[in-house]
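**Q**
Numbering (the UniProt record's numbering), first residue to last: 1 to 215.
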């Protein structure tokens with residue numbers, strides 16, 4: 001490519017990065033993202049696994065007390081919306097509220113739509129983690145999340161200077177340690193494998209500066 005062509009291509013490339021997502025793309029991403037997360041949750045639930053964050057807390061309540069996952073997940077997130085409004089603003093909070101509500105609903109409906117006569121737990125751990133990672137990636141790229149621990153970690157970083165990544169990792173470790181009292185050790189180990197799969201999807205595809213689409 002000639003230098004002149006390269007000079008022209010660079011502004012076009014930068015402009016394309018900042019093209020705003022139209023509303024219908026945000027809506028479609030919300031549906032697809034939450035459906036993928038709900039599929040991963042269904043795989044984990046069928047295999048007796050769990051993960052970190054508020055999803056992991058909801059799994060613990062489900063396994064320990066027999067409460068419906070969707071209801072617990074929705075209620076656990078309620079206190080975090082105040083932090084979300086303050087830290088992320090109303091648009092992000094409203095998208096997150098919709099995402100949490102849809103995951104809560106779809107997590108209860110998906111097991112009625114699909115069933116497994118045989119489900120390998122290693123497959124469930126890996127592909128359940130991949131599915132949740134892909135779903136979260138869609139939500140992140142359209143300025144939404146599943147709230148909860150992520151918002152708390154950002155607040156503690158802003159308020160007290162604590163590293164958000166380390167805070168979230170610490171909370172996830174506590175959730176996994178709590179799972180030892182409820183879930184067999186082999187399932188805990190596979191849950192850790194699933195968490196690695198989930199975070200690998202995010203680490204590879206959601207690096208700072210690589211994707212800068214806005215909603």
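Glycine included, each C-beta is placed from N, C-alpha and C at the ideal position.
As the structure is a prediction and not an experimental result, all values here were calculated from the model.
Using a 10 Å radius around the Cβ and a threshold of 16 neighbouring Cβ atoms, would you call residue 116 buried or exposed?
**A** Looking at its Cβ environment, which holds fewer than 16 other Cβ atoms inside 10 Å, residue 116 is exposed.
**Q** When we look at the beta-carbon of residue 203 and count the other beta-carbons within 10 Å, is it buried (16 or more) or exposed?
**A** The residue in question, residue 203, is exposed, as its Cβ has fewer than 16 Cβ neighbours within 10 Å.
**Q** Have a look at residue 81 and residue 168 and give me their C-alpha separation to the nearest angstrom.
**A** Roughly 17 Å separates the two Cα atoms.
**Q** I think residue 105 touches residue 76, with their Cβ atoms under 8 Å apart; what is that distance to the nearest whole Å?
**A** About 15 Å; that fails the 8 Å criterion.
**Q** Across the segment 36-54 and the segment 121-137, are there enough close Cβ pairs to call them in contact, namely three or more that are closer than 8 Å?
**A** Cβ pair count under 8 Å is three or more, so yes.
**Q** Can you round the beta-carbon distance between residue 95 and residue 190 to whole angstroms, since I take them to be within the 8 Å contact cut?
**A** Going by Cβ atoms, the distance from residue 95 to residue 190 rounds to 32 Å, so no, they are not a contact pair.
**Q** Please go through the same chain and pick out, in chain order, the residues whose beta-carbon is closer than 6 Å to the beta-carbon of residue 28, but skip the five residues on each side of it.
**A** Closer than 6 Å at Cβ, skipping near neighbours: no residue.
**Q** Going by C-alpha to C-alpha distance, which of 205, 60, 121 sits closest to residue 133?
**A** Cα-wise, what sits closest to residue 133 is 205.
**Q** Measure the alpha-carbon distance for residue 160 versus residue 150 and round it to whole angstroms.
**A** Their Cα atoms are separated by approximately 15 Å.
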